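Peer 1: Below you will find the structure I want to go over with you.
Residue numbers (the working numbering): 25 to 140.
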């Protein structure tokens, strides 16, 4: 059974930093694409950053230069380092793993709130 557990969210002032973690069980991150999404109140869920099996990262334009996605294969954990946070980054952040024909899985989400 695949389970993803996010952590690291919280309340931070604008300009601050947070690091989100997504720990997996039942699957191995280094063999599958993993991504972070976010959903703000009243808005659709959007892709924030992704990392491929080969370790190539991609980012939404809105977070380029501020966020960094990384993977620790030994800990089977993916991180999202978020710097220079803005109030518009406020959202619930979700981790997702794409297991191809076996479907994709989501974590429960972690709340990030950026105050101005």
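Ideal Cβ placement from N, Cα and C applies to all residues, glycine included. Please read these numbers as outputs of a predicted model, since none were measured by experiment.
Among the candidates 124, 34, 94, whose CA atom is the shortest distance from the CA of residue 42?
Peer 2: Minimum Cα distance to residue 42 is reached at 34.
Peer 1: May I ask you to list the residues that DSSP assigns as paired with residue 95?
Peer 2: Answer is 102.
Peer 1: State the Cα-Cα distance for the pair residue 59 and residue 122, rounded to the nearest angstrom.
Peer 2: Looking at the two C-alpha atoms, the distance is approximately 8 Å.
Peer 1: So what does DSSP say about residue 45, is it helix, strand or coil?
Peer 2: Residue 45 falls in the strand class under three-state DSSP.
Peer 1: Can you have a look at residue 56 and say buried or exposed, based on whether 16 or more other CB atoms are within 10 angstroms of its CB?
Peer 2: It is buried - the Cβ of residue 56 has at least 16 other Cβ atoms within 10 Å.
Peer 1: Along the chain, where does the beta strand (DSSP E) that runs through residue 10 open and close?
Peer 2: Beyond the ends of the chain as shown, which are 25 and 140, falls residue 10; an answer cannot be given.
Peer 1: Mind checking which residues open and close the beta strand (DSSP E) that includes residue 141?
Peer 2: Look at the range of the chain in this structure, 25 to 140, and you will see that residue 141 is not part of it.
Peer 1: According to DSSP, residue 128 sits in a beta bridge with which residue or residues?
Peer 2: DSSP, once it has assigned bridges, lists 122 as partnering residue 128.
Peer 1: Between the region 67-78 and the region 90-104, are three or more C-beta pairs nearer than 8 Å?
Peer 2: Contact between the region 67-78 and the region 90-104 is present, because at least three Cβ pairs lie under 8 Å.
Peer 1: Does residue 81 pass the burial test, meaning 16 or more other C-beta atoms within 10 Å, or should it be called exposed?
Peer 2: Label assigned to residue 81: exposed.
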